[in-house]
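Have a look at the structure below before the remarks.
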Amino acid sequence: MTRTSLSLTRRTLLASLAVMALPARRSVALETGTPVQGGTLIYLEQQPHTQLYPPAGGFYPNSGVLNQITDKLTWQNPDTLEIEPWIAERWEVSDDLRQYTFHIRPGVTFSDGTPLDASAVAQNFDSFGLGNPDRNFRPSEVVNNYDRSEVLDPLTVRFHFKQPSPGFLQGTSVIGSGLVAPATLARSFDELGDATLVVGSGPFVAASQTTGTELILRVREDYAWGPKELPHQGRALLDEVRILIVLEDSVRIGALLSGQADVVRQIQAYDEPQISAAGFNLYAPPTRGINNSVVFRPDNPLVADVRVRRALLHGTDTAEIVATLFSGNYPRATSILSSQAQGYVDLSAKLAHDPELAASLLDEAGWALGPDGLRQKDGTALVLTAYESLPQPQNRAALQLIAQQWARLGVTLNVLPGDAGSATVDNLDPAKTPVSPAMVGRADPDVIKSQYYPANRNVLLQKGGVSQEVDSFVDDHLNGLLEGIASEIDPAKRLALVAEAQEYVVDQAYAIPIFEEPQVFASAPHVHDVAFEAVGRPSFYRTWKSA
Amino acid sequence: MTSRDLDAPLLTTSRRFSPRLPRLGLVPAWLVLIVVLAWAVGPTLFTGQSATTGLPGAQLQAPGLDHPLGTDELGRDLLARIIHGARHTLAGATVAVGVGLLAGSLIGLVAGAVGGRTDAIVMRAVDVLLAIPALLLSLSLIIILGFGPIQVALAVGVTSVATFARLIRSEVLTVRQADYVEAAFGSGGTFARVLWRHVLPNSVTSVLAFAAIQSGWAILQISTLGFLGYGAPPPTPEWGLMIAEGRNYMTTSWWLTLFPGLAVIAVVLAVNAVGRSMLRADA
Chain A
9 MTRTSLSLTR
19 RTLLASLAVM
29 ALPARRSVAL
39 ETGTPVQGGT
49 LIYLEQQPHT
59 QLYPPAGGFY
69 PNSGVLNQIT
79 DKLTWQNPDT
89 LEIEPWIAER
99 WEVSDDLRQY
109 TFHIRPGVTF
119 SDGTPLDASA
129 VAQNFDSFGL
139 GNPDRNFRPS
149 EVVNNYDRSE
159 VLDPLTVRFH
169 FKQPSPGFLQ
179 GTSVIGSGLV
189 APATLARSFD
199 ELGDATLVVG
209 SGPFVAASQT
219 TGTELILRVR
229 EDYAWGPKEL
239 PHQGRALLDE
249 VRILIVLEDS
259 VRIGALLSGQ
269 ADVVRQIQAY
279 DEPQISAAGF
289 NLYAPPTRGI
299 NNSVVFRPDN
309 PLVADVRVRR
319 ALLHGTDTAE
329 IVATLFSGNY
339 PRATSILSSQ
349 AQGYVDLSAK
359 LAHDPELAAS
369 LLDEAGWALG
379 PDGLRQKDGT
389 ALVLTAYESL
399 PQPQNRAALQ
409 LIAQQWARLG
419 VTLNVLPGDA
429 GSATVDNLDP
439 AKTPVSPAMV
449 GRADPDVIKS
459 QYYPANRNVL
469 LQKGGVSQEV
479 DSFVDDHLNG
489 LLEGIASEID
499 PAKRLALVAE
509 AQEYVVDQAY
519 AIPIFEEPQV
529 FASAPHVHDV
539 AFEAVGRPSF
549 YRTWKSA
Chain B
25 MTSRDLDAPL
35 LTTSRRFSPR
45 LPRLGLVPAW
55 LVLIVVLAWA
65 VGPTLFTGQS
75 ATTGLPGAQL
85 QAPGLDHPLG
95 TDELGRDLLA
105 RIIHGARHTL
115 AGATVAVGVG
125 LLAGSLIGLV
135 AGAVGGRTDA
145 IVMRAVDVLL
155 AIPALLLSLS
165 LIIILGFGPI
175 QVALAVGVTS
185 VATFARLIRS
195 EVLTVRQADY
205 VEAAFGSGGT
215 FARVLWRHVL
225 PNSVTSVLAF
235 AAIQSGWAIL
245 QISTLGFLGY
255 GAPPPTPEWG
265 LMIAEGRNYM
275 TTSWWLTLFP
285 GLAVIAVVLA
295 VNAVGRSMLR
305 ADA
């Protein structure tokens, strides 16, 4: 407690002294490596969290908070991707994958003192699975075909599904299934931007929040229910995590290198060399989901023709993008799915860069080269627009490079930076944004459905999703495949559907996958055991600082 | 008052045509303006490299022989981008000042010349406009008009309408009471004709000098809005946008922010210096 009252300058001074003393001690610290309890970790985030209702926690700044303050029923081992016990000690799954029974670990409590029992878990998943329009809770994208919950005894809960739900077990391990106290579920969506109102059972508790600037997480002394497989048990080693929002990349890195910060998120590829050169740690956990892509909105007549989309796919030189802007931590995409994802198939042959094919496809589709070097059809030029996506690494530069490549075909891509407000509104309107950058991380094939299904993220903007601006575009074949992935019982058949969906999306050229997106973090040499869950969200449960 | 207004044209004329050399401090200012103007008119004369298409593999190179000011993250030559960007900056400033000057002059002229209730109402409206911070006003206008270089120029122009209107109104008020204006009315001139022939020409000189200073301010505003991402969309080499894009690379590639920033500073200082010297000459 006294630690927090240290003035910032004094702390900074201490930290920089520590850094100055480092070169002599670094090797020793790494070798001896006995975890030390105590201390405050300063974690610099690029953006403030927006919403901490767990199913809305996919956004990395949100999940960076949720991962510290909530626990999940199960733990997905990031190395093996196996599902292991956490709050659920064990579980049974019916053969038709329509009933999941979880046995809850005894003695777990939320930070407000209420017990984390079967009834609390049931309330959580009723809310995640069905949504709650009164509170503005939308259904979670990881809980498919949910019907109802049944509390069998105080520590046993059973979930019933209308259709088989093969992704559910993995779904209980993801950030969007963080368990919160019934008191939190009784609040409305709009209130849950305040982290202190989100009561979880995690190793840290949100102690105070200065919205948009700072969030202080304090350790829970009585925490004793971390995942069983972890080497560390009991309370978290750190006393406190201070999450500070620092928008500028250069300031975050400067703060880290000068010893004012311990861990920073979002290191751009061009900054990686100076971090490693200074002897700091770089982490690039993969996100294992849908690769960083550019997607089309076929409802827009300009990209309604599959030949136009295929032309743009073949006109995009992803190797050039990766070589120009990124590093070895960003492998070139060879499918819409990450190569480290379950069910991945290598489609690099279909994604080849082929400007001649692209040009002939455009000719075939009736877009002729005009005298000014731009493609035209019936007097309209092929001019597309996309908003940059701020959370994605170097997205503006990547989109500009794509614009350059498309310009060689005679296609114009306008890249709008804009503010988050207009971008959010316009991104729901296919007429305004025929093209959009998109990615999502999750280590289960359900992620394909999450990304493309109209009722979920709906990146293609099909009719029937959140957007009111869509006239007619619906792809029933794609949706059928996606529904199949979300409900197929037989794992082999499910993976076959995953493969088919990948091929279909690429054949239809709905998306141009560019690279496999990692989450890149860096930490000071005195920070140890920063862990990451399966899709690259940091966990500070085991993290410690050598003094 | 009256005698000053009568003498003023004579005085300024004699001063303006005096063979005195411009003050030494103005030489670099004029040089900067001439160079930037030349860049804006014929950018291809000064650089052979593309401002929008980069060379893959040549990204983030430090200033050197091939690229005097280095290259950006897409391998685009920074000097080429600054040279091509001059056109956007100057054109934007011209449109912005043009809008402010024309609309402001019209409002100020009518208010000053008609007087009475019209004057009171119009000038209170102008006061309201002045009360709103310029950046806030231009941001709101851009949200209404949409993003783009022309919209930004218009928005910046609208925010300067109020200052132009105030200035020209005060000029018109003094000229309006001058004997020769009374005489023009007396000899049967219509209201509009007297305004056009006598009031406007005699009120406009200091406004024109003010416009020169205002264009420096407009360049700053346009760069600010470009920096915030409301102006020309990438890959347009707009200076403010270039500063914003280079900011991320500050720790590794300092040249990306420094040189566009210096360009903005040099042009704004030069325009200000020249504008002030004109204002002094007119006073």
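Going down the list, the sequences are from chains A and B. The first sequence lines up with residues 9 to 555 when you count with this note's numbering. The second sequence lines up with residues 25 to 307 when you count with this note's numbering. Every residue gets a Cβ at the ideal spot worked out from N, C-alpha and C, and that includes glycine.
- Of the residues W279/B, R304/B, P261/B and G94/B, the one whose Cα lies closest to the Cα of L114/B is P261/B.
- The beta carbon of E280/A sits no closer than 8 angstroms to any beta carbon of chain B.
- Assignment of beta strand (DSSP E) within the region 371 to 412 of chain A, counting only whole runs of 3 or more residues, yields 383 to 385 and 391 to 395 in chain order.
- Annotated three-state conformation of E206/B is helix, per DSSP.
- Within the model, the alpha-carbon separation for V314/A versus T388/A is close to 18 angstroms.
- T78/A counts as buried, since at least 16 other C-beta atoms from the protein chains shown sit within 10 angstroms of its C-beta.
- The beta carbons of S475/A and L424/A sit about 18 angstroms from each other, so the pair does not count as a contact at 8 angstroms.
- Straight across, the Cα-Cα distance linking S346/A with V123/B is about 53 angstroms.
- Here DSSP, grouped into helix, strand and coil, assigns P190/A to helix.
- Membership of Q459/A in the alpha helix (DSSP H) is indicated by the continuous run D454 to Y460.
- Only E256, D257, S258, I261 and G262 from the region 256 to 274 of chain A bring a Cβ to less than 8 angstroms from some Cβ of chain B.
- A straight line joining the alpha-carbon of I243/B with that of A268/B spans about 15 angstroms.
- Judged by their CB atoms, S74/B and A104/B are nearer to each other than the 8 angstroms cut-off.
- Against chain A, the CB of R105/B has no partner CB under 8 angstroms away; the residue lies outside that interface.
- In this structure, P399/A and Y108/A do not form a Cβ contact; the two beta carbons are roughly 32 angstroms apart against a cut-off of 8 angstroms.
- R305/A is classed as buried because its beta carbon has at least 16 other beta carbons within 10 Å across all chains shown.
- Rounded to whole angstroms, the gap between the alpha carbons of I275/A and P63/A is 26 angstroms.
- Taking the Cα of R416/A as reference, the smallest distance to any Cα among L365/A, Y460/A, N403/A and G449/A is reached at L365/A.
- The CB of T332/A comes closer than 8 angstroms to the CB of G78, P80, G81, Q83, E97, L98 and G99 in chain B, given here in chain order.
- At a cut-off of 8 angstroms between beta carbons, P363/A makes no contact with chain B.
- The beta carbon of S227/B sits closer than 7 angstroms to the beta carbons of I192, E195, V196 and V199 from its chain, once the five residues preceding and following it are set aside; these are given in chain order.
- Rounded to the nearest angstrom, the gap between the Cα atoms of L421/A and L163/A is 56 angstroms.
- Only those residues of the region 273 to 290 of chain B whose C-beta falls short of 9 angstroms from the nearest C-beta of chain A are listed: Y273, M274, T275, T276 and S277.
- Just measuring C-alpha positions, the residue of P438/A, G175/A, R156/A and T180/A sitting nearest F169/A is R156/A.
- The contact set of P157/B on chain A, defined by CB atoms closer than 9 angstroms, is empty, because the minimum CB distance reaches about 18 angstroms.
- In this structure, V119/B sits near G181/B, with a CB-CB distance shorter than 8 angstroms.
- Contact between A117/B and S230/B is ruled out by a C-beta separation of about 20 angstroms, above the 8 angstroms threshold.
- Beta-bridge partners assigned by DSSP to K553/A: V535/A.
- Excluding its 5 nearest sequence neighbours in each direction, V185/B has C-beta neighbours in its own chain below 6 angstroms: G124, A127 and G128, listed in chain order.
- Taking 8 angstroms as the threshold, the shortest C-beta distance from G253/B to chain A falls below it.
- In the three-state scheme derived from DSSP, where H, G and I count as helix and E and B as strand, S547/A is classed as strand.
- Distance from the CA of D454/A to the CA of Q348/A, rounded to the nearest whole angstrom, comes to 14 angstroms.
- The way I'd put it, the region 279 to 294 of chain A does touch the region 527 to 535 of chain A; three or more beta-carbon pairs between them come closer than 8 angstroms.
- Its chain contains A135, G136 and R193 as the residues whose beta carbon lies nearer than 8 angstroms to that of D143/B, once the 5 sequence neighbours on both sides are disregarded; these appear in chain order.
- When C-beta distances to chain B are compared with 9 angstroms, the residues of the region 400 to 413 of chain A below that value are Q402, R404, A405, L407, Q408, L409, A411 and Q412, in chain order.
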